[in-house]
Amino acid sequence: MSGTRKGAEKGHMLPAERHRHILELLAQRGRVTVAELSRELQVSPMTVHRDLNALAERGLLRKVRGGAVPSAPREPRECPMCAHMPDGRTGMTLHLRSGETKRTCCTHCGLWSLALHGEEIVAAVVPDFLTGRTVSAHQATYLVGPDVELCCVPTALAFESRRDAERFRRGFGGRVAGWEQAAALVQTWMHGEESS
Ligand SMILES: [Zn+2]
Ligand SMILES: [Zn+2]
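Counting in my numbering, the sequence shown runs from 372 upward without gaps.
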């Protein structure tokens, strides 16, 4: 597509051209609104809605109120607790009673959701911080508040073996705990942050 094309000519774009343009804008911006597309493509909001419907039907984007976002991934990608993007290294995977699967950005948010929504969580797994091996979140040993900057504060790390957690604590500080106590520690800390 020519970059020198003047806005005034955009109203004459063919639907296929508009579709491509919309997808490009969406890729650049992460979100587009009907109002801005109508202005930029110089077509009526009705036409924009038709375009968005056509693209949504093909699974190329997802309509949201007043606009569109890139098509939904199979699982929600943002951390359900803090909207960070999971980095995959320390995030906890939560299987909910509803059948949904959620993934937190880090172990901290995993513990936080166990503290807040423990009832709804039927299973949870977390990678061992050292080996990356997946372990049951309810059987892991945690180190809360070590001097390690990772994602959310306080940092929480999960270990398959208590010995590894203790060894790590000697080097980096923090408190070693089972999931219940670790979850309570994170929650207390978060409450403190909120009220300070
Ligand atoms: Zn998070
Ligand atoms: Zn995090």
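Even glycine gets a Cβ: it sits at the ideal position worked out from N, Cα and C. Predicted, not measured: the structure shown is a model, and the values here were computed from it.
Are the Cβ atoms of residue i and residue j separated by less than 8 Å?
i: T461; j: C477; result: yes
i: F543; j: F500; result: no
i: T472; j: M452; result: no
i: M463; j: A495; result: yes
i: V419; j: L412; result: yes
i: G438; j: V414; result: no
i: V497; j: A508; result: yes
Sorted by chain position, which residues of the same chain lie with C-beta nearer than 7 Å to residue i's C-beta, five sequence neighbours on each side aside?
i: M561; result: W483
i: V557; result: H479, L482, W483, A486, V515, P525 and A527
Alpha carbon to alpha carbon, how far is residue j from residue i? Give it in angstroms, no decimals.
i: L408; j: A555; result: 47 Å
i: P441; j: A427; result: 9 Å
i: G430; j: L467; result: 26 Å
i: V547; j: R504; result: 19 Å
i: H488; j: L465; result: 10 Å
i: G378; j: L385; result: Low confidence applies to G378: its pLDDT is 45, below 50, so where it sits in the model is not reliable enough to give any reading.
i: V506; j: Q399; result: 38 Å
Flag residue i as yes when its Cβ comes closer than 7 Å to any non-hydrogen atom of ligand 3, and as no otherwise.
i: T475; result: Ligand 3 is not among the ligands present in this structure, which contains only ligand 1 and ligand 2.
Over the uninterrupted alpha helix (DSSP H) stretch that includes residue i, give me the two end residues.
i: R533; result: R533 to F543
Going by DSSP, what residues sit across from residue i in a beta bridge?
i: L514; result: L528 and V547
Please go through the same chain and pick out, in chain order, the residues whose beta-carbon is closer than 8 Å to the beta-carbon of residue i, but skip the five residues on each side of it.
i: R540; result: L514, P517, R546 and V547
Looking only at its own chain, which residues have a Cβ that is under 6 Å from the Cβ of residue i, when we skip the five neighbours before and after it?
i: K434; result: L423 and A427
i: E491; result: L467 and R468
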